[in-house]
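**Q**
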C-alpha cells in the first residue's frame, strides 16, 4: 500500500482546481504544474495517506511538469478541470487548505477556482506507471 501498488479506500477530500474566466480578460489564468504540485504537497504535509490526480495515483516520487499548455504527473497527461483526491483525515486536510494566507488562498488570489469537498468514501486506483 505504501508503494501505491494496491487500490485504497477511505475518507478524505476532493479538491477541484480550474481556470476562472475573467470578464474582459483576453486569457484566463491557467492552472500550472506547480499549482498542482503545491496542492499535493500541502495534502501530503497535512496527513494524506494516498493521493490521485485526475484518476492517476500519485507516489512520493511522482513529479509534475509543464509541457506547453499540458500538465503531466510523471508520464501521465492530466486534463482540466483538475481533481485531486486525498485519503486521510478530512477535518485536518480541509483546515490546512482553508488556512488564511495559505496556499489555496494564494491560488484563488491569482484567479484560479479551488473547490474543496469532504468525502466519506474515496476509492483510489493502484499506480499503473513504470517503477524505477
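Residue numbers (my numbering): 14 to 145.
In this text, a Cβ means the ideal position worked out from N, Cα and C, and glycines have one as well.
Just so you know, these numbers come straight off a predicted model, no measurement behind them.
Go ahead and pull the three-state DSSP assignment for residue 120.
**A** In this structure, residue 120 counts as helix in the three-state DSSP scheme.
**Q** Just how far apart, CA to CA, sit residue 128 and residue 84?
**A** The straight-line gap from Cα to Cα measures roughly 19 Å.
**Q** How long is the line joining the alpha carbons of residue 88 and residue 142, rounded to whole angstroms?
**A** C-alpha separation (whole angstroms): 7 Å.
**Q** Roughly how many angstroms separate the alpha carbons of residue 96 and residue 144, rounded to a whole number?
**A** Using only the alpha carbons, I get a separation of about 24 Å.
**Q** Which one of 19, 25 and 21 has the shortest CA to CA distance from residue 106?
**A** The option with the nearest alpha carbon to residue 106 is 25.
**Q** Let's test the definition: count the other Cβ atoms within 10 Å of the Cβ of residue 22 and tell me whether it reaches 16, buried, or not, exposed.
**A** Residue 22 should be labelled exposed.
**Q** Spatial neighbours of residue 121 within its chain, please: CB distance less than 7 Å, with the 5 preceding and 5 following residues excluded, ordered by chain position.
**A** The answer, listed in chain order, is 127.
**Q** By alpha-carbon positions, which one of 139, 132, 140 and 73 ends up nearest to residue 29?
**A** Nearest C-alpha to residue 29: 132.
**Q** Let's see if you can read the secondary structure: which residues bound the beta strand (DSSP E) around residue 129?
**A** Looking at the DSSP string, the run of the beta strand (DSSP E) that includes residue 129 is 125–137.
**Q** Only counting the same chain, and skipping five residues up and downstream in sequence, which positions put a Cβ closer than 6 Å to that of residue 110?
**A** If we look at residue 110 and ignore the five residues flanking it on each side, its Cβ neighbours are 117 and 129.
**Q** DSSP puts residue 140 in a beta bridge; with which residues?
**A** Note: residue 140 sits in no beta bridge, so no partner.
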